[in-house]
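Chemist: Read left to right, the sequence shown gives residues -18 to -1, 1 to 146 (mature numbering (1 follows the signal peptide of the UniProt record, and there is no 0)). Cβ atoms here follow ideal geometry from the backbone N, Cα and C, with glycine treated the same way. Source: prediction; values computed, not measured. Starting off with a structure, shown below.
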Amino acid sequence: MKFLILLAIVLQVTLVYCGSELDVPTNVHNRSMSIKGQLFCGRKPFEGAKVRLFRVYQPNAADNIAELLDVKNTYITGMFQVEGDTSRFPRTKTEIQPYVTIHHNCNMDNKETSNQGYKRIGVRLPEDYVTLGTKARKVYDFGKLNLELEFPGETRDTKFTFAD
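Structure (structure tokens):
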């Protein structure tokens, strides 16, 4: 009997030690996702587009900020990487149906932007890239996207501001 108790203690210590070395997720309820890509306006990298990663698909033009996982502006190179997890959500809302929106004003001047609003592109992403834990273990490569093109479902968002 003492041998079984000792064996159980040794196994628990071993599992705890190995678990920390193997980076096993501490909370399997959390899920995460990471996306990278590069945006262009014609042949030039587009700096300043706002890329938002949401937990769930949002078909309308009004983004539900409560479902936001991460938001970044593109760099001078047009590159971006957004990564988020569900650790701040209740356990009943940890599923991720990844959805990304891009707000930009490629080929628009300030007057046109203020009158018509920013262009908004929304894209559903494959759920295969959602991983367990708070750190994404896969990165979805969005690739290179030319914002000069008009995309299916592209809208104008007159309520959007870069302060959002």
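Put Q40 into one of helix, strand or coil per three-state DSSP.
Modeler: Working through the sequence shown from its first residue, we reach residue 40 at position 58. In the structure shown, the three-state DSSP call for Q40 is coil.
Chemist: Taking S96 as part of the alpha helix (DSSP H), name the residues at either end of that continuous run.
Modeler: Residue 96 sits at position 114 when you count from the first residue of the sequence shown. N92 to Q98 is the extent of the alpha helix (DSSP H) around S96.
Chemist: Could I get the ranges of all uninterrupted beta strand (DSSP E) runs contained in the region 46 to 119, with 3 residues as the minimum, in chain order?
Modeler: 50 to 55, 61 to 67, 81 to 86 and 100 to 106
Chemist: Within the continuous beta strand (DSSP E) that includes N128, where are the two ends?
Modeler: Along the sequence shown, one-based indexing puts residue 128 at 146. Residues Y122 to N128.
Chemist: Tell me whether F22 sits in a helix, a strand or coil according to DSSP, three-state version.
Modeler: Numbered from 1 along the sequence shown, position 40 holds the residue referred to as residue 22. It is a strand residue.
Chemist: In terms of alpha-carbon separation, which member of H11, V105, S16 and C23 lies closest to E130?
Modeler: Here residue 130 refers to the residue found at position 148 when the sequence shown is read from its first residue. Out of H11, V105, S16 and C23, C23 has the C-alpha closest to the C-alpha of E130.
Chemist: Name the DSSP bridge partner or partners of L35?
Modeler: Position 53 of the sequence shown holds residue 35. Answer is D52 and V82.
Chemist: Within this structure, are the beta carbons of F36 and Y81 separated by less than 8 Å?
Modeler: Here residue 36 refers to the residue found at position 54 of the sequence shown. Here residue 81 refers to the residue found at position 99 of the sequence shown. Closer than 8 Å, so yes.
Chemist: Does the Cβ of Y39 have 16 or more other Cβ atoms within 10 Å, making it buried, or fewer, making it exposed?
Modeler: One-based indexing of the sequence shown puts residue 39 at position 57. Counting C-beta atoms within 10 angstroms of its own C-beta, Y39 has fewer than 16 neighbours from the protein chains shown and is therefore classed as exposed.
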